[in-house]
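>
Residue numbers (this note's numbering): 26 to 157.
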């Protein structure tokens with residue numbers, strides 16, 4: 026490992042200990058290449074836990090939303106896609122009917138009827154009434 030990242034590795038390891046995490050990892054890509062990678066600890070605190078390695082897999086819960094949101098914002102800002110692109114034009118492994126014309130803007134703002142419709146309000150225990 027390069028000395029360039031040693032302070033960051035030390036900080037990550039100290040954070041693992043400070044917060045009582047069973048493991049921590051650091052993986053840095055620079056200019057399209059792995060600049061450094063470091064792994065410490067086990068998957069959990071129970072006896073027989075596997076060590077964390079580059080092949081370890083974890084459930085990331087909602088953190089992926091931040092990554093996908095950032096990647097989408099960059100793609101829109103760079104002009105690679107439009108904010109009004111229909112998601113079914115990009116996502117080819119879902120039935121178009123499931124996406125109901127949802128756009129990137131709809132996903133970012135949750136304003137499409139797929140999010141705010143009668144079923145949505147019913148699941149919240151609210152009642153949706155059409156205006157007369």
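A virtual CB, placed ideally from N, CA and C, is assigned to each residue, including glycine. Bear in mind the structure is a predicted one, so any value in this text is a computation, not a measurement.
Residue 38 and residue 65: beta carbons closer than 8 angstroms?
Yes, these two residues count as a Cβ contact at 8 angstroms.
> Mapping the DSSP letters down to three states, classify residue 45 as helix, strand or coil.
Residue 45: coil per DSSP, three-state reduction.
> Nearest by alpha-carbon distance to residue 33: which of 48, 44, 63 is it?
Checking every option, the nearest Cα to that of residue 33 belongs to 63.
> Applying the 10 Å Cβ sphere with the 16-neighbour rule, what's the burial state of residue 116?
Residue 116 should be labelled exposed.
> Going by alpha carbons, who is nearest to residue 133 out of 103, 112, 122?
Residue 133 has its Cα closest to that of 112, out of 103, 112, 122.
> I need the straight-line Cα distance from residue 130 to residue 58, nearest angstrom please.
Roughly 32 angstroms separates the two Cα atoms.
> Compute the Euclidean distance between the alpha carbons of residue 173 and residue 110, then round it to the nearest angstrom.
Beyond the ends of the chain as shown, which are 26 and 157, falls residue 173; an answer cannot be given.
> Kindly list the residues whose CB is nearer than 7 angstroms to the CB of residue 54, restricted to its own chain and excluding five residues on each side of it in sequence; keep chain order.
The answer, listed in chain order, is 60.
> Can you tell me where the beta strand (DSSP E) holding residue 60 begins and where it ends?
Residues 58-66.
> In chain order, what residues of the same chain have a beta carbon less than 6 angstroms from the beta carbon of residue 106, not counting five sequence neighbours either side?
Hits under 6 angstroms: 100.
> Which residues mark the beginning and the end of the alpha helix (DSSP H) in which residue 99 is found?
It spans 88-102 - the alpha helix (DSSP H) in which residue 99 sits, taken as one unbroken run.
> For residue 78, which of 88, 87, 67 has the nearest alpha-carbon?
When only C-alpha atoms are compared, the closest one is 67.
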